[in-house]
Each structure stands twice: as structure tokens, then as C-alpha cells.
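K.L.:
Those sequence lines, one after another, are chains A and B. Everything in the first sequence is counted per our numbering, starting at 1 for the first residue and increasing by one. Everything in the second sequence is counted per our numbering, starting at 309 for the first residue and increasing by one. Note that the Cβ used here is the ideal one computed from N, Cα and C, for glycine as well. Take a look at the following structure, please.
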Amino acid sequence: MGRYVLRRLLQFVPVFLGTTFLVYVLVWTVPGDPFAGMCGDRACPDEFVTAMRTKFGLDQSVFVQYFQYLGRFLSGDFGQTYDNLSIGEQIGTAYPTTLRLAITAVAIQIVIGGVAGVLTGLRGRGYLDNLVLVGTLCLISLPVFVTGSILQLVLGVDLGIIDPTVSADASWGELIVPGFVVGSVSMAYVTRLTRASISENRRADFVRTAIAKGQPRRRVVGVHLLRNSAIPVITFLGTDLGSLMGGAIVTEGVFNINGIGGLIFRNVAEKEGYMVTTIVTLLVLVYLIMSLIVDLLYAVLDPRIRYD
Amino acid sequence: MTDPGSVGSGPALEKYAAGEVAGLATVDDSAERQRKPRSLWGDAWLQLRRKPLFYISTVIIVVVVLMAVFPSLFTSRPADFNDLNHQSESPSGDAWFGYSFQGYDIWARAMHGTRASLLVGLLATILTVVIGSVMGIIAGFYGRLTDTFISRFGDIFAGLPFVLGAIVILTTLNPPGSSPGEARIVFQVVASIAVLSWPVSMRIMRSATIVAKQLDYVKAARALGASTRRIIFRHMLPNTVAPVLVYATIALGAFIAVEATLAYLGIGIRPPVVSWGVMINDAKDYVQTSPHELLFPAGLVTITVLAFVMLGDAIRDALDPKSR
Chain A
1 MGRYVLRRLL QFVPVFLGTT FLVYVLVWTV PGDPFAGMCG DRACPDEFVT AMRTKFGLDQ
61 SVFVQYFQYL GRFLSGDFGQ TYDNLSIGEQ IGTAYPTTLR LAITAVAIQI VIGGVAGVLT
121 GLRGRGYLDN LVLVGTLCLI SLPVFVTGSI LQLVLGVDLG IIDPTVSADA SWGELIVPGF
181 VVGSVSMAYV TRLTRASISE NRRADFVRTA IAKGQPRRRV VGVHLLRNSA IPVITFLGTD
241 LGSLMGGAIV TEGVFNINGI GGLIFRNVAE KEGYMVTTIV TLLVLVYLIM SLIVDLLYAV
301 LDPRIRYD
Chain B
309 MTDPGSVGSG PALEKYAAGE VAGLATVDDS AERQRKPRSL WGDAWLQLRR KPLFYISTVI
369 IVVVVLMAVF PSLFTSRPAD FNDLNHQSES PSGDAWFGYS FQGYDIWARA MHGTRASLLV
429 GLLATILTVV IGSVMGIIAG FYGRLTDTFI SRFGDIFAGL PFVLGAIVIL TTLNPPGSSP
489 GEARIVFQVV ASIAVLSWPV SMRIMRSATI VAKQLDYVKA ARALGASTRR IIFRHMLPNT
549 VAPVLVYATI ALGAFIAVEA TLAYLGIGIR PPVVSWGVMI NDAKDYVQTS PHELLFPAGL
609 VTITVLAFVM LGDAIRDALD PKSR
């Protein structure tokens, strides 16, 4: 177990370095000087631009910059934007909202998608099965901004059940509808995965054995069937949570949520290179750690899998 | 150690194995009726013809392709037909989808916009599948260090969230305020989609190749002295292409939706090119006053995506005998 984790962590190193370097180079090769537009309507004096470039290390080669940046990042110093705002603070205020949104979305996926999947998987072919199948196909095909705009329009503007935009502190209740929107496509996948997994395992030998032993149906389904069918679903949910924690740029835009997604979008447009690279680096780290946790969960769910 | 991947079994790998079983199984039950046993594809085609979803999706796709190739069949007005007297008017007999805030006839514009949307989806799919398949075959066939290198290289791109990666790439190439040419922006959108999604088809192709490499006919071909190229193209590729094909069908739909999403964010295709995404971007500020402006192009995107997803689903079911 320990050796497996260590090996996986070592495998992360090249991926982490590759992704962050890729983004770093992309962001810093943006044509146009980030300092040119900082002095209002007049052009910035040359001394100012030179001073700023030296301050932020832009006069060095991109390799030197990258490793200097990485050193500061790993020692916990996220640096400042060109306006002298603390990057760490900005991420700190935006991140809890994104995290709440991601958790809401995954919770909705588990509840609605999981229940629909288990029900149709147990029942087998029939009216409900077809209905859910067509429903998931439609949900998968709806782009997120369409779902978001429609729900905002119908529930927010026409019916007045929710606020069309989410307030600054973004409570759990306000995030239910945006969470549904972010999670809608994945919810459909969860349904299909659960259904496929359950209907495959329903005929498995261990289920027949459990029934033959005279176990009550509730125990057969709840303990034997569900636990063994959970692996593909957990894998999907884990990676999905990992990517949701990277912010939902489109949904945050539709509902005006102050999360990581909006923060990135604004800062890419404003050429705030350090802000963008810092957020992306953090997100890649979160994503990699989530995928490790998912792998370790396999061993918990399926005792046949051993990491040694 | 037990690799979780092999126990969780990649869907592609499973499908491939299932496909092999299908090829064998058909020999028994069809031998009486026909001399030649049905191939995997012949069997899949027979299955497909029984599925209503297959017909529905094919009809939709044919109509959409017609709209893309001959938009003038569906509307007599040009894409930039504009009458400000009808600004934001609701759908009517004159303009089936109503007018936009800028006075465009939405139906006419949507018909002409089909071409760009479909083109982006098609080109992005081809590029993604070609890059991914080549990488996947190389990784699966040569294994060892080559495999490790390509897989980790793919991880770099897979670890980048899709929309985020596209934003960084497209904003870098087109800083705000710039106005790239028509062909250039289409190419950039296609390329950034392909760069960010090739690892998926690489993984599918890689696992299919690893399975195929172990099979007897490949070993036999090698023992007979077939060259690497011959083994890959004549023996392995016909048997590894099925899962990638299913992926490509669904991806084509997904990429049409991606085009719309990128345009919605204002970083994708932009005027003077007309696509469904461009129309959606034009409409998003007026969604509360005249929702039809957004809903009609968005509806077209959804129906087209739905058709490709259904088709991919039907093909997958047809290739997989377990689902029967």
C-alpha cells in the first residue's frame, strides 16, 4: 500500500511538471505587454514598464522564470498580481464557493443519478427503463449553458422560485440549482453507469449464492450487489469531483457566481499570468490527488484488489 | 500488484473482447442458413437495422448534413438577411424562428450556420481520432518505454480541464481586441479541441491494440514474416477500429456542443463566420427579453448532438453482444 502510493506520487511528478510548464509557456507567450494598459489613457513611460518587468522577472528566459516561479509556489508563496493584490487571498475567497458548488453537484449526481440507475438496473427492461434511457441521452446532449439559461429563465425570472443570480456569499441553498446544472451531464452518465453495472452484476454468481443462502433481498441488494457495482461509479464520480473543483466556468458565468472559474476567465483576459498559472497549478494538483484517492478506494470496495 | 485498470476493465477493452466473442459466436447459429459466417461488422449491421434509435438518428443526421451542404434548400434568404423593423420579433409564418435583436432572420441564419458548426465538429473529430489512434497504436504495439512516455505525455493534456485549456490556448492565440481571419479562427478552434482531447482516443486505441497484439492471428502473421506495417494495418487495425469508431461518433456530437460553448464564452468562432455558437453568443445578452433568440439555435445544437450520441449508442450496442 505505502509503496504503491509512493510510486503513484512519483509518477505524478513528470505529469505535474509537464502540465504546469505547458500552461506557463502558453500564458507568458501571450502577445502584448501586460503593463502597457496600466496607466489609463496615456502610454506608460518606459522606465515604469522596465521596472515592472524586472520586478516580476519578465526580463529573464522562460525556463528561469518557470523554475523560479515553481520554487516560490512550492514554498507556499503565491505572489501578487500586477495590481499588488495577494493571489493567495483572491483564491482563498473564491475557492470555498467552488468547493460548495462541486460538492452540491456530486451530491445531486449520487442521489438522482444513483437512485435512477439502481432502480432501472434492478427492474430490467420496461417502460421506466426506456424513459430513463431517453432522459439520460437528452441530458447528455444539452450543453450546460442551455440548461443553465433555461432553468434561470423559468425558475428565476418567470416563476420567481430562485434568485436568477447567486449572492456573494453563495449559501448551500442558492447553489442547488447551479449544482444541478453543473452536474446534469455527469448525472446522466452516473445513471447509465450504475444501471449497466447493476444489471451486469445482478446475474453474477455471488448474488445467486447470497440468494441461495436465504439472505433477505434487502441484504442481497444493499450489501452484495451495490458494493460490487460501485467501482465504476466511484471512479467516475471521483474524477468528476476532481474536474469540478477546477470550477465551472460556464455555469459560474450564467449564475454570476464568484468562483474559481470566473476568476480564471477574468484573469486570462487581463493577462494576469501569475494568477492564471497559480490557479492552474493548484487545479492540476487537486486533480492528480483525486485520481490517487479513487485508485485507493478500489481496494476498500473490492477486497480482490491489493496494492502491494 | 493488481492493476485496478484491469479489474475495472476499460470499456473499450471490454467491448473489443466482446466483439471477438461475437465474431466467434455467430459461426454456430448462422451456419445452417448461410455458408459464409457473418463478420463482426455484418453482425453489427444486422443488429443496427432492428433499432428504431438508429433510424431516428440517421434521419436527423441526414437532414443536418443537407442543411450544411445546401442551406438554400431550406431558406431563400441569405445568412445576413437583416430587417431592423422586425427587431426581436417572435416566431411567425414569415420567419419561423423569429428575428434577433439585430434584426436577423434566425431561421435563415441558423440554416447557413449549420455548415460551420458541423465542419468544426467533423474536422476536430478527424484530427482527434487520427492523432489519438496513431499514438495509441504506437504505445500499444511497442510497449515498454515508448508506452510509458506516450501515456504520461497524454496525462499532461488529460490533466488540464477542457474548457480552461481551451480558454488559455484561444486567448493566447487571439488576445482580446484582435480579429483573426475566418479560416484561421476555425482552424484554431479545431486544433485546440484536438490537442485537449486526443488522450481519450489514444487510451481506447492503446488498450485495443494491447489485446489484439496477444491474439493468435497476429502471432501467426509475425511468424510468417509479415512486416510491422503489414501487421498493424492489415491485421490489427480492422479489429481495433470498432471502439474508436464508437468514440468518434459520440465525440462528433460533443465537439459540436463544444464549439457552441466556446463561442458562448466569446473565445470561439466569431463573426463574420456564422455558426450556431456565434448566434448563441449574439443572443445571450437578450435571453430574458427574447428567449427565442437563444433557444432556437441552442435547440438545433441539442438535437444534432442527440442524434450523434444516439447513433454512437446504437453502434456500441450492436457491436456488443452482451447488451442483446
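Pair every Cβ in the region 378-394 of chain B with every Cβ in the region 407-415 of chain B, then say whether three or more of these pairs are closer than 8 Å.
P.N.:
Result yes; three or more Cβ-Cβ pairs closer than 8 Å.
K.L.:
At which residues does the alpha helix (DSSP H) containing glutamine 355 (chain B) begin and terminate?
P.N.:
Unbroken alpha helix (DSSP H) run through glutamine 355 (chain B): 348-356.
K.L.:
Round the Cβ separation of valine 177 (chain A) and valine 144 (chain A) to the nearest angstrom and send it over; I've been treating them as touching at under 8 Å.
P.N.:
Actually they are not in contact, since the Cβ atoms of valine 177 (chain A) and valine 144 (chain A) sit about 13 Å apart, beyond 8 Å.
K.L.:
Taking 6 Å as the limit between beta carbons, can you name the residues of its chain near leucine 244 (chain A), skipping five residues before and five after?
P.N.:
Same-chain partners within the cutoff: Ala102, Ala105.
K.L.:
Are the CB atoms of glycine 462 (chain B) and methionine 510 (chain B) nearer to each other than 7 Å?
P.N.:
Contact: yes.
K.L.:
Is isoleucine 463 (chain B) close to chain A, meaning its C-beta is less than 7 Å from at least one C-beta of that chain?
P.N.:
The sequence given here places aspartate at residue 463 (chain B); isoleucine does not occur at that position. Aspartate 463 (chain B) counts as touching chain A.
K.L.:
Out of A:Tyr4, A:Tyr127, A:Gly76, A:Phe255, point me to the one whose CA is closest to aspartate 163 (chain A)'s CA.
P.N.:
The residue with the shortest Cα to Cα distance from aspartate 163 (chain A) is A:Phe255.
K.L.:
Determine, using beta carbons only, whether isoleucine 458 (chain B) and alanine 447 (chain B) come nearer to each other than 7 Å.
P.N.:
A contact, by the Cβ cut-off of 7 Å.
K.L.:
Assign glutamine 109 (chain A) to one of three DSSP states: helix, strand, or coil.
P.N.:
DSSP places glutamine 109 (chain A) in helix when its eight states are reduced to three.
K.L.:
Taking the C-alpha atoms as reference points, what is the distance between glycine 327 (chain B) and valine 437 (chain B)?
P.N.:
Below a pLDDT of 50, predicted positions are generally treated as unreliable, and glycine 327 (chain B), at 37, falls in that range; the measurement from the model is reported next regardless. Approximately 20 Å between the Cα atoms of the pair.
K.L.:
Just checking, does the region 547-554 of chain B make contact with the region 369-387 of chain B on the three C-beta pairs under 8 Å criterion?
P.N.:
Cβ pair count under 8 Å is below three, so no.
K.L.:
Sort B:Leu532, B:Trp415, B:Asp351, B:Trp506 by Cα distance to isoleucine 445 (chain B) and report the nearest one.
P.N.:
Closest option to isoleucine 445 (chain B), Cα to Cα, is B:Trp506.
K.L.:
For valine 207 (chain A), which option in A:Arg72, A:Ser229, A:Ala196 has the closest C-alpha, if you only look at C-alpha atoms?
P.N.:
Cα-wise, what sits closest to valine 207 (chain A) is A:Ser229.
K.L.:
Any idea what DSSP makes of aspartate 413 (chain B), helix, strand or coil?
P.N.:
Here aspartate 413 (chain B) sits in strand by DSSP.
K.L.:
Could you confirm whether any beta carbon from chain B is found closer than 7 Å to the beta carbon of glycine 18 (chain A)?
P.N.:
Interface residue, yes.
K.L.:
Following the continuous alpha helix (DSSP H) through arginine 460 (chain B), name the residue where it begins and the one where it ends.
P.N.:
Its alpha helix (DSSP H) spans residues 452-466.
K.L.:
Name, please, each residue of chain B whose Cβ falls closer than 7 Å to the Cβ of phenylalanine 180 (chain A).
P.N.:
Neighbours of phenylalanine 180 (chain A) on chain B: none; closest Cβ ~17 Å, over 7 Å.
K.L.:
Quick one: measure Cβ to Cβ for glycine 137 (chain A) and leucine 619 (chain B), integer angstroms, because I've assumed they're closer than 8 Å.
P.N.:
Here residue 137 (chain A) turns out to be leucine, not glycine, going by the sequence shown. With a Cβ gap of about 11 Å, leucine 137 (chain A) and leucine 619 (chain B) do not count as contacting.
K.L.:
Spatial neighbours of valine 132 (chain A) within its chain, please: CB distance less than 7 Å, with the 5 preceding and 5 following residues excluded, ordered by chain position.
P.N.:
Hits under 7 Å: Ala116, Thr120, Thr191.
K.L.:
Are there 16 or more other CB atoms within 10 angstroms of the CB of tyrosine 363 (chain B), so buried, or fewer, so exposed?
P.N.:
The residue in question, tyrosine 363 (chain B), is exposed, as its Cβ has fewer than 16 Cβ neighbours within 10 Å.
K.L.:
Measure the alpha-carbon distance for glutamine 522 (chain B) versus arginine 530 (chain B) and round it to whole angstroms.
P.N.:
When rounded, the distance between both Cα atoms is 11 Å.
K.L.:
Listed from N- to C-terminal order along the chain, which residues in the region 559-590 of chain B have their beta-carbon within a distance smaller than 8 Å of any beta-carbon of chain A?
P.N.:
Hits within the stretch, in order: Gly561, Ala565, Ala568, Thr569, Tyr572, Leu573, Ile588.
K.L.:
Taking 7 Å as the threshold (beta carbon to beta carbon), is proline 303 (chain A) in contact with chain B?
P.N.:
It does not: the Cβ of proline 303 (chain A) has no partner Cβ on chain B nearer than 7 Å.
K.L.:
Can you confirm whether the region 139-154 of chain A touches the region 586-604 of chain B when touching is taken to mean that 3 or more C-beta pairs between the two stretches lie within less than 8 Å?
P.N.:
The region 586-604 of chain B vs the region 139-154 of chain A: in contact.
K.L.:
Which residue wins for smallest C-alpha separation from glycine 261 (chain A), given the options A:Ala269, A:Glu252, A:Val268?
P.N.:
Closest by alpha carbon: A:Glu252.
K.L.:
So for asparagine 390 (chain B), helix, strand or coil by DSSP?
P.N.:
Here asparagine 390 (chain B) sits in strand by DSSP.
K.L.:
Among A:Leu292, A:Ser171, A:Gly273, which has the Cα closest to the Cα of arginine 100 (chain A)?
P.N.:
It is A:Ser171.
K.L.:
Pairing CB atoms from the region 290-300 of chain A with CB atoms from the region 2-12 of chain A, are three or more of them under 8 Å?
P.N.:
Enough Cβ pairs lie closer than 8 Å, so yes.
K.L.:
Tell me whether glutamine 68 (chain A) is buried or exposed, calling it buried when 16 or more other Cβ atoms sit within 10 Å of its Cβ.
P.N.:
Answer is exposed; the Cβ neighbour count stays below 16.
K.L.:
Hey, does methionine 618 (chain B) have any beta-carbon neighbour from chain A nearer than 7 Å?
P.N.:
Yes, methionine 618 (chain B) lies at the interface with chain A (some Cβ there is under 7 Å from its Cβ).
K.L.:
For a test of the three-state rule: what should DSSP assign to tyrosine 82 (chain A), helix, strand or coil?
P.N.:
If DSSP states are grouped into helix, strand and coil, tyrosine 82 (chain A) belongs with coil.
K.L.:
Going by the CB atoms, is the gap between isoleucine 564 (chain B) and isoleucine 475 (chain B) shorter than 7 Å?
P.N.:
For isoleucine 475 (chain B) and isoleucine 564 (chain B), no; Cβs fall outside 7 Å.
K.L.:
Which whole-angstrom value describes the C-beta separation of threonine 20 (chain A) and valine 284 (chain A), a residue pair presumed to lie in contact below a C-beta threshold of 8 Å?
P.N.:
Right, the Cβ-Cβ distance comes to about 6 Å (below 8 Å), so this counts as a contact.
K.L.:
Output yes if chain A places a C-beta closer than 7 Å to the C-beta of glycine 451 (chain B); else output no.
P.N.:
Chain A contact via Cβ: absent.
K.L.:
Using the beta-carbon of each residue, which ones in chain B are nearer than 7 Å to phenylalanine 145 (chain A)?
P.N.:
Going along chain B in sequence order, the residues near phenylalanine 145 (chain A) (Cβ under 7 Å) are Thr569, Tyr572.
K.L.:
Which same chain residues end up closer than 8 Å to leucine 478 (chain B) when comparing Cβ atoms and leaving out the 5 residues on each side of it in sequence?
P.N.:
Within the same chain, leucine 478 (chain B) has close Cβ partners Gln496, Val497, Ser500, Leu570, Ile575, Gly576.
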